[in-house]
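J.: When you read off a place in the sequence shown, starting at 1, and then add 46, the result is the number in this note's numbering. For every residue, glycine included, the Cβ atom is placed at its ideal position computed from N, Cα and C. Keep in mind that this is a model prediction, so the values were computed, not measured. After the structure tokens below, expect a handful of questions from me.
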Amino acid sequence: MNVQVKRFQLPKTYMQLEDFVKCIQQCGIVKDQGTIHRLFDALTVGHQKQVGPDLFKDFYTIWKETEAEAQEVCLPPSVLEHIEPSECVFKLSSSVKTSRGVGKIAMTQRRLFLLTDGRPGYVEVAQYRDLEEVKVSSAPFLLLRIPSLKLRVHGRKEAFEANLKTETDLWHLMVKEMWAGRNMADQHKDPQYMQQALTNALLMDAVVGSLQTSKAIYAASKLAHFDRIKMEVPMRVPKATSETLKHKINPSLELAAPQAVDVLLYTPGQLWVSLGGGKVMVFDASSWSLTNTCHVGSARLNCMLGVDKDQVWMGSEDSVIYIINMVAMVCNRQLTEHRAEVTGLAARHGQI
47 MNVQVKRFQL PKTYMQLEDF VKCIQQCGIV KDQGTIHRLF DALTVGHQKQ VGPDLFKDFY
107 TIWKETEAEA QEVCLPPSVL EHIEPSECVF KLSSSVKTSR GVGKIAMTQR RLFLLTDGRP
167 GYVEVAQYRD LEEVKVSSAP FLLLRIPSLK LRVHGRKEAF EANLKTETDL WHLMVKEMWA
227 GRNMADQHKD PQYMQQALTN ALLMDAVVGS LQTSKAIYAA SKLAHFDRIK MEVPMRVPKA
287 TSETLKHKIN PSLELAAPQA VDVLLYTPGQ LWVSLGGGKV MVFDASSWSL TNTCHVGSAR
347 LNCMLGVDKD QVWMGSEDSV IYIINMVAMV CNRQLTEHRA EVTGLAARHG QI
């Protein structure tokens with residue numbers, strides 16, 4: 047079988063917004079159009095609304111290098127025992143002086159910690175949900191004042207301060223976005239907000255690295271989506287909703303545009319979600335993480351039914367009933383003998 051893989055090719059011409067959206071989606075950085083629009087605004091601050099091939103190459107290279115560096119971070123067991131198995135270090139500062147010792151500040155999707163110099167050790171800085179204040183300050187050094195990041199953390203009298211120097215403004219933006227994302231995730235019981243905040247923060251990092259101008263921090267601030275929501279439109283979930291809402295997921299997170307949820311089906315341990323065009327997503331019902339996706343036809347699904355312990359039957363607008371094997375996640379059979387749209391399915395006494 048001859049399988050050809052289409053490789054992403056860097057653009058060779060200037061791109062306006064529409065072409066930029068397609069390019070970012072093709073290269074796999076992010077699918078959400080709102081985020082891509084904000085990225086476009088960031089990369090075009092101060093000049094014509096188009097992104098040149100050289101700038102895009104710089105941005106894309108830095109993004110891929112950051113991905114590779116995150117995978118290469120090797121933490122000793124004495125540090126790993128303090129963080130969750132699923133946590134990854136996505137950004138490390140240079141070695142800096144802090145109020146808790148000298149070392150590199152590490153950012154994961156859950157927390158900030160200090161990776162101390164010498165024999166690597168772990169000093170907890172803060173989990174994002176415990177932050178109370180994040181601001182730019184300055185620390186005295188001889189006759190100078192060095193820019194620093196100052197954090198106030200719930201339950202601690204002393205603030206944490208890190209002399210991040212030229213890195214301060216970027217870390218300030220990134221930490222505030224992670225903090226705002228954590229607040230949104232907690233209020234709405236939706237951990238995907240945290241993943242979106244992390245993406246925003248990493249995009250800020252790549253924008254600053256690729257622009258290398260005096261406007262780089264201002265440009266990166268265009269991506270501070272959750273921090274802006276927090277400041278401009280505080281999103282408080284009503285108390286009654288907060289008390290009853292257990293969890294929220296967004297099946298459209300990785301899609302180019304939001305899609306309506308047509309059908310929901312719960313089978314033991316799994317939640318099946320039908321979106322438009324025959325797309326079906328399966329979530330783990332304990333972790334709420336996406337485990338599988340499949341396509342059945344190209345028409346809207348109207349109904350789903352669990353049959354026995356290993357099948358899901360799906361009725362479609364195209365008149366077909368698709369029978370899915372739950373283990374293999376493949377369509378084993380199609381029932382096509384009727385011609386009308388399938389609007390409902392029910393099981394009774396061994397019959398459907």
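Give the DSSP-derived three-state secondary structure of T154 in the structure shown.
T.: Position 108 of the sequence shown, counted from the start, is the residue given in the question as residue 154. Coil.
J.: Taking C-beta to C-beta, are E229 and R156 nearer than 9 angstroms?
T.: Translated into the one-based positions of the sequence shown, residue 229 becomes position 183. Translated into the one-based positions of the sequence shown, residue 156 becomes position 110. The question names Glu, but residue 229 is Asn in the sequence shown. No.
J.: Tell me, please, whether the CB atom of T313 is closer than 9 angstroms to any CB atom in chain C?
T.: Any reference to chain C falls outside this structure, which holds one protein chain only.
J.: Do you know whose CA, among K58, Q397, E115, lies nearest D100's CA?
T.: Here residue 100 corresponds to residue number 54 of the sequence shown, with the count starting at 1. The shortest Cα separation from D100 among K58, Q397, E115 belongs to K58.
J.: Just tell me which of Q241, V135, K276, L158 has its CA closest to the CA of L121.
T.: For this step, residue 121 is matched to residue 75 along the sequence shown. The option with the nearest alpha carbon to L121 is V135.
J.: Relative to the C-alpha of T81, which residue among V199, A266, A208 is closest?
T.: Here the question's residue 81 lines up with position 35 in the sequence shown. Of the listed residues, the one whose Cα sits closest to T81 is A266.
J.: Taking the beta strand (DSSP E) that Y368 falls in, what are its first and last residues?
T.: Numbered from its first residue, the sequence shown carries residue 368 at position 322. Unbroken beta strand (DSSP E) run through Y368: 367-371.
J.: Buried or exposed for H271, please, with buried defined as at least 16 other CB atoms from any protein chain shown within 10 angstroms of its CB.
T.: The residue given as residue 271 occupies position 225 in the sequence shown. Buried.
J.: Whole-angstrom Cβ separation of V388 and I370, contact assumed at under 8 angstroms?
T.: By 1-based counting over the sequence shown, the position of residue 388 is 342. By 1-based counting over the sequence shown, the position of residue 370 is 324. 14 angstroms between Cβ atoms; not a contact.
J.: Which residue spans inside the stretch 94-146 form an unbroken alpha helix (DSSP H) run of at least 4?
T.: Segments of the alpha helix (DSSP H) lying fully in the stretch 94-146: 99-118, 123-126.
J.: Going straight from the alpha carbon of T107 to that of Q72, what length do you get?
T.: Taking the first residue of the sequence shown as position 1, residue 107 is located at position 61. Taking the first residue of the sequence shown as position 1, residue 72 is located at position 26. Their Cα atoms are separated by approximately 15 angstroms.
J.: Could you pull out every residue in the same chain whose Cβ sits closer than 7 angstroms to the Cβ of S124, ignoring the five residues on either side in sequence?
T.: Within the sequence shown, numbered from 1, the residue matching residue 124 stands at position 78. Only G167, Y168 meet the Cβ criterion.
J.: Identify every residue that forms a DSSP beta bridge with R394.
T.: Locating residue 394 in the sequence shown gives position 348, counting from the first residue. Looking at the DSSP assignment, R394 forms a beta bridge with Q397.
J.: If you run the structure through DSSP and keep just helix, strand and coil, what is M61?
T.: Numbered from 1 along the sequence shown, position 15 holds the residue referred to as residue 61. Strand, per DSSP.
J.: Following the continuous beta strand (DSSP E) through T339, name the residue where it begins and the one where it ends.
T.: As a first step, residue 339 must be located in the sequence shown, where it is residue number 293. From DSSP, the beta strand (DSSP E) with T339 extends over 336-341.
J.: Give me the residue from T290, L301, I129 with the minimum Cα distance to Q242.
T.: Here residue 242 corresponds to residue number 196 of the sequence shown, with the count starting at 1. Nearest of T290, L301, I129 to Q242, Cα basis: L301.
J.: Please classify S362 as buried or exposed, where buried requires at least 16 neighbouring CB atoms within 10 angstroms.
T.: Reading the sequence shown from its first residue, position 316 is the one you call residue 362. Looking at its Cβ environment, which holds 16 or more other Cβ atoms inside 10 Å, S362 is buried.
J.: Alpha carbon to alpha carbon, how far is V309 from D232? Give it in angstroms, no decimals.
T.: As a first step, residue 232 is located in the sequence shown; it is residue number 186 there, counting from the start. As a first step, residue 309 is located in the sequence shown; it is residue number 263 there, counting from the start. Cα to Cα, the separation comes out at about 26 angstroms.
J.: Below 7 angstroms CB to CB, which residues in the same chain sit around R146 once its five sequence neighbours on both sides are set aside?
T.: As a working mapping, residue 146 is identified with position 100 in the sequence shown. These residues qualify, in order along the chain: L160, V169, F206.
J.: Out of S320, I398, Y60, E127, which has the shortest C-alpha to C-alpha gap to G98?
T.: Within the sequence shown, residue 98 is the residue found at index 52, counting from 1. Checking every option, the nearest Cα to that of G98 belongs to Y60.
J.: Are at least three pairs of beta-carbons, each pair with one atom in the stretch 243-250 and one in the stretch 178-186, less than 8 angstroms apart?
T.: With a cut-off of 8 angstroms, the stretch 178-186 and the stretch 243-250 do not count as touching, because too few Cβ pairs lie within range.
J.: So, with DSSP's three-state summary, where would you put R385?
T.: As a first step, residue 385 must be located in the sequence shown, where it is residue number 339. Coil at R385, not helix or strand.
J.: CA-CA distance, V171 and L158?
T.: In the sequence shown, counting from the first residue as 1, residue 171 sits at position 125. In the sequence shown, counting from the first residue as 1, residue 158 sits at position 112. If I take the Cα positions, the gap works out to 5 angstroms.
J.: For the pair the stretch 303-323 and the stretch 254-264, tell me if three or more CB-CB distances fall below 8 angstroms.
T.: Taking 8 angstroms as the limit for Cβ pairs, the verdict is that the stretch 254-264 does not touch the stretch 303-323.
J.: Could you tell me which of Y239, M372, I151, Q173 sits nearest to W217, measuring between CA atoms?
T.: Numbered from its first residue, the sequence shown carries residue 217 at position 171. The candidate whose alpha carbon is nearest that of W217 is I151.
J.: Tell me whether K294 counts as near the ligand HEM, meaning its Cβ is closer than 8 angstroms to at least one heavy atom of that ligand.
T.: For the structure depicted, the ligand HEM is absent and the ligand set is empty, with no information on it obtainable.
J.: Once the 5 residues before and after V51 are set aside, which same chain residues still bring their CB inside 8 angstroms of it?
T.: Working through the sequence shown from its first residue, we reach residue 51 at position 5. Note on V51: pLDDT 45, under 50, position unreliable in the model; no value is reported.
J.: To the nearest angstrom, how far is the alpha carbon of I75 from that of T339?
T.: In the sequence shown, the residue the question calls residue 75 occupies position 29. In the sequence shown, the residue the question calls residue 339 occupies position 293. Computed Cα separation, rounded: 20 angstroms.
J.: Please list, in chain order, all residues of the same chain as N348 whose beta carbon is under 8 angstroms from its beta carbon, the five residues on each side excluded.
T.: The residue given as residue 348 occupies position 302 in the sequence shown. D308, V309, G361, S362, E363, E387, V388, T389, G390, listed in sequence order.
J.: Checking the sheet assignment: what are the DSSP bridge partners for C377?
T.: Residue mapping note: residue 377 aligns to position 331 of the sequence shown, counting from 1. DSSP lists I370 as partners of C377.
J.: Quick check on N378: buried or exposed, where buried means 16 or more other Cβ atoms within 10 Å of its Cβ?
T.: Looking up residue 378 in the sequence shown gives position 332. Exposed, since its Cβ has fewer than 16 Cβ neighbours within 10 Å.
J.: Out of curiosity, what's the CA-to-CA distance linking V49 and V328?
T.: The residue labelled residue 49 in the question sits at position 3 within the sequence shown. The residue labelled residue 328 in the question sits at position 282 within the sequence shown. The predicted position of V49 is uncertain, since its pLDDT is 42 and thus under 50; no value can be drawn from it.
J.: Mind pulling the alpha helix (DSSP H) runs of 4 or more residues that sit fully within the stretch 179-246?
T.: Complete alpha helix (DSSP H) runs here, min 4: 214-234.
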